[in-house]
Amino acid sequence: MFLAWNEIKKNKLRFLLITGVLMLVSYLVFFLSGLASGLENLNREAVDKWQGDGIVLTSESDKSMPQSSMTLDQLDDIEADNVAVLGQLNAIATSGDIKANVAIFGIEKDEFIMPDVTEGEAFNGENEVIASDSLKEEGFQIGDELELSSTDEKLTIVGFTEDARFNAAPVLYGEMATFHRVKFGEAAEQNDDQINGVVLRTNDLKSVTDNEDLETIEMEEFIQNLPGYTEQNLTLSFMIYFLFVISSVIVAIFLYVLTVQKISLFGVMKAQGISNGYLSRSVIAQTFILAAVGVAVGFGLTLLTGAFLPAAVPVSFDIPTMLLYGLVLIVVAILGAVFSVLTIVKIDPLKAIGG
Amino acid sequence: MAILELKNVKKTFGTGHKKVEALKETQFTAEKGELIAVIGPSGSGKSTFLTIAGGLQTPSEGDVIINANNITDMSEKKRSKIRLKEIGFILQASNLVPFLTVNNQMKLLDNVKKGNMTKQELEQLYEDLGISDLRHKYPADLSGGERQRVAIAKALYSNPSILLADEPTASLDSDRAYEVMELLQRETKNKNTTTIVVTHDTRLISYCDKVYKMVDGDIKLEAKPVEEEIH
Numbered sequence: 001m002f003l004a005w006n007e008i009k010k011n012k013l014r015f016l017l018i019t020g021v022l023m024l025v026s027y028l029v030f031f032l033s034g035l036a037s038g039l040e041n042l043n044r045e046a047v048d049k050w051q052g053d054g055i056v057l058t059s060e061s062d063k064s065m066p067q068s069s070m071t072l073d074q075l076d077d078i079e080a081d082n083v084a085v086l087g088q089l090n091a092i093a094t095s096g097d098i099k100a101n102v103a104i105f106g107i108e109k110d111e112f113i114m115p116d117v118t119e120g121e122a123f124n125g126e127n128e129v130i131a132s133d134s135l136k137e138e139g140f141q142i143g144d145e146l147e148l149s150s151t152d153e154k155l156t157i158v159g160f161t162e163d164a165r166f167n168a169a170p171v172l173y174g175e176m177a178t179f180h181r182v183k184f185g186e187a188a189e190q191n192d193d194q195i196n197g198v199v200l201r202t203n204d205l206k207s208v209t210d211n212e213d214l215e216t217i218e219m220e221e222f223i224q225n226l227p228g229y230t231e232q233n234l235t236l237s238f239m240i241y242f243l244f245v246i247s248s249v250i251v252a253i254f255l256y257v258l259t260v261q262k263i264s265l266f267g268v269m270k271a272q273g274i275s276n277g278y279l280s281r282s283v284i285a286q287t288f289i290l291a292a293v294g295v296a297v298g299f300g301l302t303l304l305t306g307a308f309l310p311a312a313v314p315v316s317f318d319i320p321t322m323l324l325y326g327l328v329l330i331v332v333a334i335l336g337a338v339f340s341v342l343t344i345v346k347i348d349p350l351k352a353i354g355g
Numbered sequence: 001m002a003i004l005e006l007k008n009v010k011k012t013f014g015t016g017h018k019k020v021e022a023l024k025e026t027q028f029t030a031e032k033g034e035l036i037a038v039i040g041p042s043g044s045g046k047s048t049f050l051t052i053a054g055g056l057q058t059p060s061e062g063d064v065i066i067n068a069n070n071i072t073d074m075s076e077k078k079r080s081k082i083r084l085k086e087i088g089f090i091l092q093a094s095n096l097v098p099f100l101t102v103n104n105q106m107k108l109l110d111n112v113k114k115g116n117m118t119k120q121e122l123e124q125l126y127e128d129l130g131i132s133d134l135r136h137k138y139p140a141d142l143s144g145g146e147r148q149r150v151a152i153a154k155a156l157y158s159n160p161s162i163l164l165a166d167e168p169t170a171s172l173d174s175d176r177a178y179e180v181m182e183l184l185q186r187e188t189k190n191k192n193t194t195t196i197v198v199t200h201d202t203r204l205i206s207y208c209d210k211v212y213k214m215v216d217g218d219i220k221l222e223a224k225p226v227e228e229e230i231h
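From first to last, the protein sequence lines are chains E and U. Taking the UniProt record's numbering, I'd label the letters of the first sequence as residues 1 to 355. Taking the UniProt record's numbering, I'd label the letters of the second sequence as residues 1 to 231.
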């Protein structure tokens, strides 16, 4: 640590540059992780809010809710501690000049997926809905009457709820009857037993149903199968993992060059009997200082940027994940220093002093 | 008691007709409290002798015994420990760390080994070498002579049982060179250590207890220098 710190102090510019690069890499990693978790939330936050363990859809729907169509009497085949029926439909909602892509959820008010109302009141009759508060940011208000793209029915926003987006679309929660009217129009009454799926709370997902037309899907698996969800996550994760590799290589190159420049110095020190262990620890300590400072500054910068970003940018900073990524960055930087350690071990002190 | 012993030591480089005997069969013994000079022209094998005596390389044949440790068959790791504990080097190439101040050069040694000089001893050493005012300076800010004196301070600071000096006075003017030799002599006597000075500067041999002459890898004890011859 003594050698490491004194060298940094003496060659500030050189080490500032390395720290700067590490800072930028960590900034990018943190920001991408924020974007990844923001985009994840965009897709799944409504589902997470249900706190369900699984969902029952039809077997032929291939785990896609819009494609699943079942009837209420199939509920008799489903056994779980707690069930909640769900009808779902996507539509474009228009209020005056404002348009939004929305997901309309038909639910039963007394079942567990009924959301908490954060503003206004719960739906209480025909065509009343609680809306995701992300719609509020787009300009929708309580009392707004929404025209829908697929039907003549009009919905009225009576309240807002938090964290209610499904597959990137803000959710409108309404009665099952409201959902049927929107979906089937004049044929609503003939279809009033139609639902898309059943959300479950149970410890034993396997024995929920033996009806072969139905499939029980674990909630996480259901989320993974949301359109685009897995692909998007893979892309961002791939970028983040690649950045780990890049930062490791960058540190390796920088330190290797610095080490090669100091070969004769290390040789002289080794001639004096200073051990490989001490010199190697010094290089590792130096890497640790550079990486820790770089990552810490990158971390701060990310949070600062996050505070100034417009709400439309889907970032959400998950601090434990960021801390983990920061730690990984420091570890891969230290792995990058291993090359330099190998170089130091190989230095022949005799050659270094020209003997 | 012999602190350093070279028994039947030979060093050859290369093979066949390209074979070079850098050091012919050598017997060499240094006692505690001795200041020894090895003189000879460049290329005579002085450096080879010094690096073998200091455990930086192993001989082709024979044994090197440093303070009762036979280092001939030791691993580099073990030899490195012996060097750290027993030997102080004053090298021709600067052995100072460029990013450490003079004080920190000494502190580095505190970090890697025990038994270095006390604070008062170090103060005295700085004073003797005339480098008290340089303690917060970096090697790059020192003149060649100042660097050499700091290097000497660094070698003495670790209280080595054997001090090996390769042309310690090379970049010093005559007065300073005599002062440094006096200092080495004093340190050797007071601490009962051994100092071996490799040099081609014959003016310095008056300070030495023994003088060896080296010619073409052959090391021979010269007659003890007589004071009158010098002054």
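Think of the CB as a built atom: it goes at the ideal place given N, C-alpha and C, for glycine as much as any other residue.
Which value, in whole angstroms, describes the spacing of the CA atoms of residue i and residue j?
i	j	result
L57/E	G87/E	11 angstroms
Y278/E	I219/U	37 angstroms
V102/U	S132/U	10 angstroms
G197/E	D48/E	16 angstroms
G355/E	I39/U	Because G355/E carries a pLDDT of 49, less than 50, the predicted location of this residue cannot be relied on, and no value is offered for it.
V313/E	E186/E	40 angstroms
G106/E	L309/E	34 angstroms
A285/E	I104/E	56 angstroms
K24/U	L221/U	14 angstroms
D116/E	A337/E	52 angstroms
K109/E	A177/E	11 angstroms
E231/E	L39/E	12 angstroms
A84/E	S69/E	15 angstroms
G34/U	I263/E	Note on residue identity: the sequence assigns Glu, not Gly, to residue 34/U. Cα to Cα, E34/U sits roughly 34 angstroms from I263/E.
V129/E	A122/E	8 angstroms
G143/E	S248/E	55 angstroms
A30/U	T188/U	12 angstroms
H231/U	D175/U	Below a pLDDT of 50, predicted positions are generally treated as unreliable, and H231/U, at 44, falls in that range; no measurement from the model is reported.
A100/E	E147/E	11 angstroms
V197/U	G45/U	14 angstroms
E60/E	L304/E	47 angstroms
V9/U	I330/E	50 angstroms
S171/U	I319/E	60 angstroms
Please work out which residues of its chain come closer than 6 angstroms, Cβ to Cβ, to residue i, disregarding the five sequence neighbours upstream and downstream, and give them in chain order.
i	result
N225/E	K63
R44/E	I223
S150/E	A91
L6/U	T26, F28, V64
Please report the Cβ distance between residue i and residue j, rounded to the nearest whole angstrom; I am assuming they are in contact, meaning their Cβ atoms lie under 8 angstroms.
i	j	result
D53/E	T202/E	6 angstroms
L4/U	I66/U	6 angstroms
I87/U	G54/U	5 angstroms
D77/E	L205/E	So it is not a contact: roughly 15 angstroms between Cβ atoms.
Residues in the same chain with beta-carbon distance under 8 angstroms from residue i, minus the five sequence neighbours each way, listed in chain order, please.
i	result
S134/E	A164, R165, P170
N191/E	H180, K183, F184
F266/E	T259, L279, I344, I347, A352
T19/E	L290, V293, G294, V297
S237/E	A36
T287/E	V251, L255, A333, I334, G336, A337
L32/E	L236, M239, I240, L243
So is the beta-carbon of residue i under 6 angstroms away from any non-hydrogen atom of the ligand GDP?
i	result
S134/E	Ligands are entirely absent from the displayed structure, and the ligand GDP is therefore not among its contents.
Whose C-beta lies closer than 7 angstroms to the C-beta of residue i among residues of the same chain, with five residues either side of it excluded?
i	result
E228/U	Confidence at E228/U is low in this model, with a pLDDT of 46, below 50, so the placement of that residue should be treated as unreliable; the coordinate-derived value is given next. Here the set comprises nothing.
L142/U	L134, V150
F30/E	G298, F299, T302, M322, Y325
L42/E	R165, A168, P314
L108/U	V97, L100
S95/E	F140, D144, E145, L146
Handout entry: Residues from the segment 261 to 276 of chain E in contact with chain U, defined by Cβ distance under 8 angstroms
Key = S264, L265, V268, M269, K270, A271, Q272, G273, I274, S275, N276
Practice task
Pair every Cβ in the segment 286 to 299 of chain E with every Cβ in the segment 322 to 333 of chain E, then say whether three or more of these pairs are closer than 8 angstroms.
Solution key: yes
Handout entry: the segment 294 to 303 of chain E / the segment 26 to 35 of chain E touching (three or more Cβ pairs under 8 angstroms)
Key = yes
Practice task
Taking 8 angstroms as the threshold, find out whether the segment 42 to 58 of chain U comes into contact with the segment 66 to 82 of chain U through three or more Cβ pairs.
Solution key: yes
Problem - Validate contact between the segment 269 to 276 of chain E and the segment 79 to 93 of chain U using beta carbons, cut 8 angstroms, 3 pairs - result: Touching, per the Cβ criterion.
Exercise for the section: For the segment 126 to 154 of chain U, enumerate the residues whose C-beta is nearer than 9 angstroms to any C-beta of chain E, in chain order. Expected result: Y138, K154
Exercise for the section: Give, in chain order, every residue of the segment 16 to 30 of chain U whose Cβ lies closer than 7 angstroms to some Cβ of chain E. Expected result: none
Problem - Residues, ordered as in the chain, of the segment 81 to 108 of chain U that lie near chain E by beta-carbon distance below 9 angstroms - result: K81, I82, R83, L84, K85, E86, I87, G88, F89, L91, Q92, A93, S94, N95, L96, V97, P98, F99, L100, T101, N104, K107, L108
Problem - Three or more C-beta pairs below 8 angstroms linking the segment 151 to 169 of chain U and the segment 122 to 129 of chain U - result: yes
Handout entry: Residues within the segment 49 to 68 of chain U neighbouring chain E, beta-carbon criterion of under 7 angstroms
Key = T51, L56, Q57
Practice task
Give the residues from the segment 110 to 127 of chain U that approach chain E closer than 7 angstroms (Cβ to any Cβ), ordered along the chain.
Solution key: Taking 7 angstroms as the upper bound on Cβ-Cβ separation, chain E lies near residues N111, V112 of the segment 110 to 127 of chain U.
Exercise for the section: Anything in the segment 6 to 28 of chain E with a Cβ closer than 8 angstroms to a Cβ of chain U? List those residues in chain order, please. Expected result: N6, E7, K9, K10, N11
Practice task
Please list the residues of the UniProt domain "ABC3 transporter permease C-terminal" (238 to 349) of chain E that have a C-beta atom closer than 8 angstroms to any C-beta atom in chain U, keeping them in chain order.
Solution key: From the UniProt domain "ABC3 transporter permease C-terminal" (238 to 349) of chain E, only S264, L265, V268, M269, K270, A271, Q272, G273, I274, S275, N276, Y278, P349 have a Cβ closer than 8 angstroms to chain U.
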